[in-house]
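J.:
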Amino acid sequence: MASKDVNYRGKMLAEKISESIHVADHDPSMALYRLQEHIHKVSPALVNVKYSNYRANAAIQNSCCDLDLCKETLEQMNKASGTFDRVHDLLKNAMFYKQQLNYETTRAADNKS
């Protein structure tokens, strides 16, 4: 099935090429006119594809910049994790010392009474 389709398309393409060469050989002005028609017909679609590619390229560039910024942020967070660990340890120590002070304060108040 696919082979028949490929053969048909190949035959049609060969006929179009043959016709184009025949027209260019026998009537160059007609060949140039057909070429101009083809260019005018195809140009708007090519321009649309060109601008579509520009937009896609801009979106890709923006995504790459976003990824770079995310990567830098993650690297900075990894560098800061040591600092956060030290702050966490200091907070645990501070809570422990506060509990000891509260215990000593309540114990001293109980001894006075």
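In my numbering, the protein residues as written are 292 to 404. Cβ atoms here follow ideal geometry from the backbone N, Cα and C, with glycine treated the same way. Since we're looking at a predicted model, the values are computed, not measured.
1. Just the Cα atoms here: how many angstroms apart are residue 367 and residue 396?
2. Nearest-angstrom Cα distance between residue 343 and residue 327?
3. Would you check if the distance between the CB atom of residue 305 and the CB atom of residue 315 is smaller than 8 Å?
4. Consult DSSP for residue 318 and reduce its assignment to one of helix, strand or coil.
T.: Taking the geometry as given:
1. For this step, residue 367 is matched to residue 76 along the sequence shown. For this step, residue 396 is matched to residue 105 along the sequence shown. One C-alpha to the other measures close to 43 Å.
2. Here residue 343 is taken as the residue at index 52 of the sequence shown, counted from 1. Here residue 327 is taken as the residue at index 36 of the sequence shown, counted from 1. The C-alpha of residue 343 lies about 24 Å from the C-alpha of residue 327.
3. Here residue 305 corresponds to residue number 14 of the sequence shown, with the count starting at 1. Here residue 315 corresponds to residue number 24 of the sequence shown, with the count starting at 1. Contact: no.
4. Within the sequence shown, the letter at position 27 stands for residue 318. Residue 318: coil per DSSP, three-state reduction.
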